[in-house]
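Heads up, the thing below is written out as structure tokens.
Below, the structure is given as structure tokens:
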């Protein structure tokens, strides 16, 4: 067993454990913190997969910006834990059943109908480096990159307009 | 490198847990977090295949997915804040009318 495989197994245990923790914790703040841990482990996976730029974006965008926004909204609304309302009693068993079916389908496709994987080629040293990603982004994918800036602007405007208080209009 | 099947299996497990979270949890914020978990699982599979086939396009695509996720979170959380303001509750079971 190589060191990389041991590292992979430990990290995947942490990732699955933190996802389960997010799923099971009653307090939304604990759920958010578990999700931060999950995002951090996924970032380490990205580094193992020769994607350092994506790993750093993962840390700064997901763990940094998105989860801080989540924590901010949870604390702003004061909805750490909601009172239990059992409107649909059969929902939870059905959800677990559907999740088991989904996992079984994924396992079937992965392990029963597995396609023969060819020998994984060794990439050049600069593969996935921030320089290579930046070159691709600003040459070949310049138009989609600019469109994402418009998308972010629209999202920002939408968030401001949605949360703006209406008192001044009346 | 660890075989790509392992990464895709991990990604499938994380995706299933995210889908389970969307179905089981009552708090819309946690449901939203589960959606983020599913997006992340998809990203992980994509980066794993990018490494396997040594094409950079997968990483570019993951970058765009992250941007779209950020925009989605901004708008979604604004919607949740607005719903909380008008109904003073964000329990997903109580959101059963379209008119605020």
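Chains as they are written, first to last, in this note's numbering: chain L, -10 to 159; chain S, 262 to 361.
All C-beta atoms, glycine included, are put in the ideal place defined by N, C-alpha and C.
Values in this document were obtained by computation on a predicted structure and should not be read as measured data.
* Asked: What residues of chain L sit near residue 303/S, judged by a beta carbon separation below 9 Å?
  -> Position 42 of the second chain, counted from the start, is the residue given in the question as residue 303/S. The premise fails here: residue 303/S is roughly 11 Å from chain L at the closest Cβ pair, so nothing lies under 9 Å.
* Near-chain L residues of the stretch 286 to 299 of chain S - C-beta to any C-beta below 8 Å -> 286, 287, 288, 290, 291, 293, 294, 295, 297 and 298
* **Neighbourhood of residue 269/S by C-beta, 6 Å cutoff - its chain only, sequence neighbours within 5 removed** => Counting from 1 along the second chain, the entry for residue 269/S is found at position 8. Counting only Cβ-Cβ distances below 6 Å, and skipping sequence neighbours, we find 306.
* **chain L contacts from the stretch 339 to 361 of chain S (Cβ-Cβ distance under 7 Å)** => 339, 340, 341, 342, 343, 345, 351, 352 and 354
* To do: Could you name the residues of chain L that residue 326/S contacts, counting a contact when the two beta carbons are closer than 7 Å?
  => On the second chain, position 65 is the one that residue 326/S refers to. Within chain L, no residue comes near residue 326/S; the closest Cβ sits about 10 Å away, beyond 7 Å.
* Asked: Residues of chain S with a CB under 8 Å from the CB of residue 54/L: which are they?
  -> Locating residue 54/L in the first chain gives position 65, where the first residue counts as 1. The contacting residues are 331.
* **Contact residues within the stretch 114 to 129 of chain L, judged by C-beta distance below 7 Å to chain S** => 116, 117, 121, 122, 125 and 126
* **N- and C-terminal bounds of the alpha helix (DSSP H) containing residue 98/L** => As a first step, residue 98/L must be located in the first chain, where it is residue number 109. Here residue 98/L belongs to no alpha helix (DSSP H), and DSSP marks it neither H nor E.
* **Extent of the continuous alpha helix (DSSP H) run through residue 279/S** => As a working mapping, residue 279/S is identified with position 18 in the second chain. It spans 265 to 285 - the alpha helix (DSSP H) in which residue 279/S sits, taken as one unbroken run.
* Asked: Using a beta-carbon distance below 8 Å, is residue 335/S in contact with chain L?
  -> For the purposes of this step, residue 335/S is identified with residue 74 of the second chain, where counting begins at 1. Yes, its Cβ sits closer than 8 Å to a Cβ of chain L.
* To do: Let me know the secondary structure DSSP gives residue 315/S once reduced to three states.
  => Within the second chain, the letter at position 54 stands for residue 315/S. Looking at residue 315/S - three-state DSSP - the assignment turns out to be coil, as it is neither helix nor strand.
* Asked: Hey, would you say residue 51/L sits closer than 8 Å to residue 28/L, going by beta carbons?
  -> To locate residue 51/L, count along the first chain from 1; it is residue 62. To locate residue 28/L, count along the first chain from 1; it is residue 39. It is a contact, given that the beta carbons lie within the stated cut-off.
* Beta-carbon neighbours of residue -7/L, restricted to chain S and to distances below 8 Å -> Translated into the one-based positions of the first chain, residue -7/L becomes position 4. Listed along chain S are 262 and 263, each with a C-beta nearer than 8 Å to that of residue -7/L.
* Test: residue 270/S CB closer than 8 Å to a CB of chain L -> Position 9 of the second chain holds residue 270/S. At least one CB atom of chain L sits nearer than 8 Å to the CB of residue 270/S.
* With DSSP collapsed to three states, give me the class of residue 49/L. => The sequence position of residue 49/L within the first chain is 60, counting from 1. Reduced to three states, the DSSP call for residue 49/L is helix.
* chain L beta carbons: is any one of them nearer than 8 Å to that of residue 309/S? -> Walking along the second chain from the start, residue 309/S turns up at place 48. It does: the Cβ of residue 309/S has a partner Cβ on chain L nearer than 8 Å.
* Is the CB of residue 306/S under 8 Å away from at least one CB in chain A? -> The question asks about chain A, but that chain is absent: this structure's protein chains are L and S.
* Straight-line gap, residue 143/L to residue 116/L (C-alpha atoms, nearest Å) -> The residue given as residue 143/L occupies position 154 in the first chain. The residue given as residue 116/L occupies position 127 in the first chain. Distance between the alpha carbons of residue 143/L and residue 116/L is about 33 Å.
* Use the C-beta contact count for residue 46/L: other C-beta atoms within 10 angstroms, 16 or more gives buried, fewer gives exposed. => In the first chain, counting from the first residue as 1, residue 46/L sits at position 57. Residue 46/L is buried by the Cβ-count criterion.
* Out of curiosity, what's the CA-to-CA distance linking residue 319/S and residue 78/L? -> In the second chain, counting from the first residue as 1, residue 319/S sits at position 58. In the first chain, counting from the first residue as 1, residue 78/L sits at position 89. Near 42 Å, if we compare the C-alpha coordinates of residue 78/L and residue 319/S.
* Please look up how many angstroms separate the CB atoms of residue 38/L and residue 315/S, rounded, as I've assumed it's under 8 Å. => Position 49 of the first chain, counting from 1, holds the residue named residue 38/L. Position 54 of the second chain, counting from 1, holds the residue named residue 315/S. Contact flag wrong, Cβ pair sits at about 11 Å.
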